[in-house]
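Engineer: First, the structure itself, so that you have it in front of you.
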Amino acid sequence: MDENEPSIETSRTTKPSKTGKMSLQQAIDLGEYRPEYLTNFAEWHTLSTYIQFQMIRQALEIRHRQLITQYAELNNVLDLRNKPHVQEAMKNVEKQLRMFEQDREELFVRYSNLMADE
Numbered sequence: 145m146d147e148n149e150p151s152i153e154t155s156r157t158t159k160p161s162k163t164g165k166m167s168l169q170q171a172i173d174l175g176e177y178r179p180e181y182l183t184n185f186a187e188w189h190t191l192s193t194y195i196q197f198q199m200i201r202q203a204l205e206i207r208h209r210q211l212i213t214q215y216a217e218l219n220n221v222l223d224l225r226n227k228p229h230v231q232e233a234m235k236n237v238e239k240q241l242r243m244f245e246q247d248r249e250e251l252f253v254r255y256s257n258l259m260a261d262e
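In this note's numbering, each residue carries its 1-based index in the sequence shown increased by 144.
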């Protein structure tokens, strides 16, 4: 084994992070874009409408990338016609993509109205 490669032993000795709570930025980085959820973070209420919208846009981009990647991974399954469960999963991702697009449009309209009123 090469000494530069991480060993199993070293990965076991790493300590998990001490914080059990998720931060606002972590939620955004994981693709959470719904303001209803983001309002649970105290920091969210200190941000201007413009910054809130920019964070939502960042999360939207991440979530879209996640859904497209998930769809591509399912689509690359060999001999798809013999795997109805994979086809069903693809339909579910397609449904999520449609809902995502609707959410994105609604958020753009909502925040453009909020910023116009400021």
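Every residue, glycine too, gets a C-beta built ideally from N, C-alpha and C.
If we ignore side chains and look at the alpha-carbon of each, how far apart do I152 and Q214 end up?
Structural biologist: In this prediction, I152 has a pLDDT of 46, which is less than 50 and means its spatial position is unreliable; nothing more can be read from the coordinates.
Engineer: For the alpha helix (DSSP H) that F185 lies in, which residues bound it at each end?
Structural biologist: Counting along the chain, F185 falls outside any alpha helix (DSSP H), and DSSP gives it neither H nor E.
Engineer: Out of F252, Q202, K235, state which residue places its alpha-carbon closest to the alpha-carbon of K219.
Structural biologist: The sequence shown places Asn at residue 219, rather than the Lys named in the question. For the residues F252, Q202, K235, the minimum Cα distance to N219 belongs to K235.
Engineer: Going straight from the alpha carbon of I206 to that of I212, what length do you get?
Structural biologist: The alpha-carbon atoms of I206 and I212 are separated by roughly 10 Å.
Engineer: For E232 and R209, I'd like the C-alpha separation in whole angstroms.
Structural biologist: Computed Cα separation, rounded: 20 Å.
Engineer: Alpha carbon to alpha carbon, what distance is there between V237 and M243?
Structural biologist: Rounded to whole angstroms, M243 to V237 spans 10 Å at the Cα level.
Engineer: Where do the ends of the alpha helix (DSSP H) carrying R207 lie?
Structural biologist: Element bounds for R207: 193 to 219.
Engineer: Buried or exposed: where does I195 fall if 16 or more other Cβ atoms within 10 Å of its Cβ makes it buried?
Structural biologist: By the neighbour-count rule (16 or more Cβ atoms within 10 Å), I195 is not buried but exposed.
Engineer: Looking at L204 and Y248, is the spacing between their C-beta atoms short of 7 Å?
Structural biologist: Note that residue 248 is Arg in the sequence shown here, rather than Tyr. Yes, the pair counts as a contact, with Cβ atoms nearer than the cut-off.
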